[in-house]
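Notes for the one structure printed next.
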Amino acid sequence: EAEVAQSPRYKITEKSQAVAFWCDPISGHATLYWYRQILGQGPELLVQFQDESVVDDSQLPKDRFSAERLKGVDSTLKIQPAELGDSAMYLCASSLDSGSYNEQFFGPGTRLTVL
Amino acid sequence: AQSVTQPDIHITVSEGASLELRCNYSYGATPYLFWYVQSPGQGLQLLLKYFSGDTLVQGIKGFEAEFKRSQSSFNLRKPSVHWSDAAEYFCAVKNTNAGKSTFGDGTTLTVKP
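The listed protein sequences derive, respectively, from chains A and B. Everything in the first sequence is counted per the working numbering, starting at 1 for the first residue and increasing by one. Everything in the second sequence is counted per the working numbering, starting at 1001 for the first residue and increasing by one.
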């Protein structure tokens, strides 16, 4: 069964360091999402791609976060510099298209701890 | 702005008992509504969704949910809970077909043997 892959699964870093997360969506899925899930809360959308284009990054802290999906397939989310408040689970999801009729499939997430 | 409230942070039920998880949303028109389940250390899995039509929707793993416009609610139910249902459950709303999803803060379900 096709799955969304994410790596690493866990990352521990010190504040002010740079970190990067990778996501490989299900083959053929045009829409890719990055969510941040703080402990005890629901996921919050950081950025949404349609193919290689960003369609929503309104909640992405652009002074330190960046995301790219250069060939419209896999994607990287970067934080530089990391801050203590960035400790969270970072979830990637993909769907065939952005329409609500298309189910979002989530990866297992990357648990980030900033010390 | 759309919002989702899950009033119960934590619920404990006995195995075999019935379950109802509450979800209230705030949005003017008919929203797109979803329930997801998240097992520890895992991503989210879609249980069911409502767009229009029959207000009682069936999902996977024996779950169902009922949309009640008058109460702005979309509660999740299961007639008989299994130990494997222990997880965190999230309700989510979308305001348009391609709009972004807003999630509630989740309800953690514990199942007693």
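C-beta atoms are modelled at their ideal positions from N, C-alpha and C, and glycine is treated no differently.
| Within-8 Å CB hit, Pro-43 (chain A) to chain B | yes
| query | Relative to the alpha-carbon of Leu-1033 (chain B), which residue among B:Thr-1102, B:Glu-1015, B:Ala-1001 has its alpha-carbon at the smallest distance? | reply | B:Thr-1102
| said: Run through the DSSP bridge pairs and tell me what Gln-37 (chain A) is partnered with. | reply: A:Met-89
| Continuous beta strand (DSSP E) stretch holding His-1010 (chain B): start and end | 1010–1014
| Mapping DSSP to helix, strand and coil, what is Asp-56 (chain A)? | strand
| query | Between the C-alpha atoms of Ile-26 (chain A) and Glu-44 (chain A), what's the straight-line distance to the nearest angstrom? | reply | 21 Å
| Any 3 or more C-beta pairs closer than 8 Å across the stretch 86–101 of chain A and the stretch 1039–1053 of chain B | yes
| task | Compare the C-alpha of Asn-1031 (chain B) against each of B:Phe-1051, B:His-1010, B:Ser-1084, B:Thr-1107 and name the closest. | result | Here residue 1031 (chain B) turns out to be Pro, not Asn, going by the sequence shown. It is B:Phe-1051.
| task | Grab me the residues of Gln-48 (chain A)'s own chain with a C-beta within less than 6 Å of its C-beta, minus the 5 sequence neighbours each way, in chain order. | result | Tyr-33, Val-55, Asp-56
| query | So which residues on chain B does Asp-24 (chain A) lean against when the C-beta distance must stay under 9 Å? | reply | Chain B residues near Asp-24 (chain A): none, gap ~13 Å exceeds 9 Å.
| Along chain B, in chain order, which residues have C-beta atoms closer than 8 Å to that of Asp-56 (chain A)? | Lys-1100
| Are Thr-13 (chain A) and Val-114 (chain A) touching if we call contact CB-CB under 8 Å? | yes
| query | Of all the CB atoms in chain B, is at least one closer than 8 Å to the CB of Gly-85 (chain A)? | reply | no
| message | For a cutoff of 8 Å on Cβ pairs, would you count Gly-1053 (chain B) as touching chain A? | response | no
| request: Decide if the stretch 65–82 of chain A is in contact with the stretch 1006–1025 of chain B; the criterion is three or more beta carbon pairs, one per stretch, under 8 Å apart. | output: no
| said: Check for me: the beta strand (DSSP E) holding Leu-70 (chain A) runs from which residue to which? | reply: Leu-70 (chain A) -> no beta strand (DSSP E), and no H or E assigned at all.
| 8 Å Cβ cutoff met for Thr-1110 (chain B) and Glu-1088 (chain B) | no
| query | What do you reckon, are the CB atoms on Gln-17 (chain A) and Ala-82 (chain A) nearer than 8 Å? | reply | yes
| query | To which residues does DSSP link Arg-1077 (chain B) through a beta bridge? | reply | B:Glu-1020, B:Glu-1064
| query | Should Gln-1042 (chain B) be flagged as near chain A, meaning a C-beta pair shorter than 8 Å? | reply | yes
| query | Between the stretch 1057–1070 of chain B and chain A, which residues of the former have CB atoms less than 7 Å from a CB of the latter, in chain order? | reply | none
| Unbroken beta strand (DSSP E) run spanning Phe-1051 (chain B), endpoints | First-last for Phe-1051 (chain B): undefined, no H or E at that position.
| message | Can you check whether the C-beta of Gly-1106 (chain B) is within less than 8 Å of a C-beta belonging to chain A? | response | yes
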